[in-house]
Amino acid sequence: MKPPAFEYFRPDSVDEALALLEQHGAEAKPLAGGQSLVPAMNFRLAQPAALVDLNGLDALAGIAETGGGIRLGAMTRHRAVERSPLVASRAPLLAETMPYVAHPQIRNRGTVGGSLAHADPAAELPAVMVASSARFLLRSRSAERWVDAGAFFTGLFATALEPGELVAAIEVPAMPPRTGWAFEEMSRRHGDYALVGVACLVTLDPRGRCAAARIALLSVGEGPTLAPKASAALAGVAPTAEAVRAAAEAVNDDLDPPSDIHATAAFRRQLASVLTRRALTRAVARASAGAS
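Just so it is clear: in the sequence shown, position 79 is 210 by this note's numbering, and no numbers are missing.
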């Protein structure tokens with residue numbers, strides 16, 4: 132299959148790229164790794180009149196420490212994040228998740244910003260960013276603004292990006308002391324889209340009780356889905372096996388998953404509960420080890 136005709140631009144600077152996006156408005160698409168956009172164009176699910184290629188813009192790539200957390204340039208490749216010692220030490224939930232993202236060939240080309248802007252409800256990175264309380268720097272030719280990950284994803288393949296804007300950077304904050312993390316997903320084959328996935332962070336207080344928990348799921352709705360009732364079930368209690376099981380069962384009160392050719396809604400609910408219990412168990416164990 133072939134895409135419809137389009138204009139192609141390869142700007143030499145971020146300012147030039149933003150000017151092109153402003154000039155062409157909603158008819159333009161930024162081209163990052165192209166691992167989602169190009170197939171969509173070939174199937175004519177996406178028909179932009181102009182592509183603005185960001186691959187020559189080194190200013191939009193890179194990994195740096197900031198305030199104990201990390202800052203990722205939007206054009207940073209998945210593979211660079213996966214192999215980064217800084218990510219492993221400062222954002223271990225993100226590091227643990229990266230091997231689940233598609234296949235090595237995809238991770239070599241795919242970018243963090245591209246995945247987030249695409250907002251696929253079955254993608255891992257949106258859920259991880261929501262669980263991590265990350266924020267995104269959105270830039271246009273005339274302004275820039277920070278948007279929390281939880282407010283960035285607005286629906287099925289929909290985000291808070293306005294015409295002329297692009298994701299420029301992502302900041303993942305430092306984890307609080309005594310915090311554990313875990314990521315779990317189930318797919319038919321490794322690298323396939325997950326039937327359900329869960330990312331979680333659990334913070335313990337000095338007495339060993341749960342001070343905070345953030346649980347975000349993927350492939351259970353139109354975007355990354357927080358589970359506030361499941362988190363509330365752990366708040367202020369000792370994270371025993373019984374408490375973790377109760378929180379995992381409560382996750383179904385937060386979900387309204389779809390049925391499709393891959394799984395029924397009932398199966399996704401059951402899988403969400405099982406994976407949440409596994410993830411919380413590992414996160415609590417890591418938090419407890421860090422507190423000792």
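Where a beta carbon is used, it is the ideal one built from N, C-alpha and C, also for glycine. Note that the structure is predicted; figures quoted are calculated from it, not measured.
Assign residue i to one of two classes, buried (16 or more other C-beta atoms within 10 Å of its C-beta) or exposed (fewer than that).
{"i": "M132", "result": "exposed"}
{"i": "V392", "result": "Residue identity differs from the one stated: residue 392 is Ile in this sequence, not Val. Flag for I392 reads exposed."}
{"i": "R338", "result": "exposed"}
{"i": "F283", "result": "buried"}
{"i": "Q236", "result": "exposed"}
{"i": "A300", "result": "buried"}
{"i": "A178", "result": "Per the sequence shown, residue 178 should be read as Gln rather than Ala. By the 10 Å Cβ count, Q178 comes out exposed."}
{"i": "F267", "result": "buried"}
{"i": "D385", "result": "buried"}
I need the DSSP call for residue i, collapsed to helix, strand or coil.
{"i": "P161", "result": "strand"}
{"i": "T425", "result": "Because the chain spans 132 through 423 in this model, residue 425 falls outside it and cannot be assessed."}
{"i": "Y139", "result": "strand"}
{"i": "L188", "result": "coil"}
{"i": "L386", "result": "coil"}
{"i": "E353", "result": "coil"}
{"i": "G281", "result": "helix"}
{"i": "G241", "result": "coil"}
{"i": "S423", "result": "For S423, the pLDDT reaches just 47, beneath the cut-off of 50, and the residue's location in the model is therefore unreliable, although a value from the coordinates is still provided. S423 falls in the coil class under three-state DSSP."}
{"i": "A274", "result": "coil"}
{"i": "A358", "result": "coil"}
{"i": "R345", "result": "strand"}
{"i": "T197", "result": "strand"}
{"i": "F174", "result": "coil"}
{"i": "L292", "result": "coil"}
{"i": "M306", "result": "coil"}
Could you give the first and the last residue of the continuous beta strand (DSSP E) run that contains residue i?
{"i": "E302", "result": "297-303"}
{"i": "T334", "result": "327-335"}
Residue i: beta carbon under 7 angstroms from a heavy atom of the ligand GDP?
{"i": "V261", "result": "Ligands are entirely absent from the displayed structure, and the ligand GDP is therefore not among its contents."}
(request) Evaluate the contact criterion for the stretch 368-376 versus the stretch 407-415: three or more CB pairs, one atom per stretch, below 8 angstroms. (result) yes
(request) Give a yes or no on contact between the stretch 325-345 and the stretch 237-249, applying the rule of three or more CB pairs nearer than 8 angstroms. (result) no
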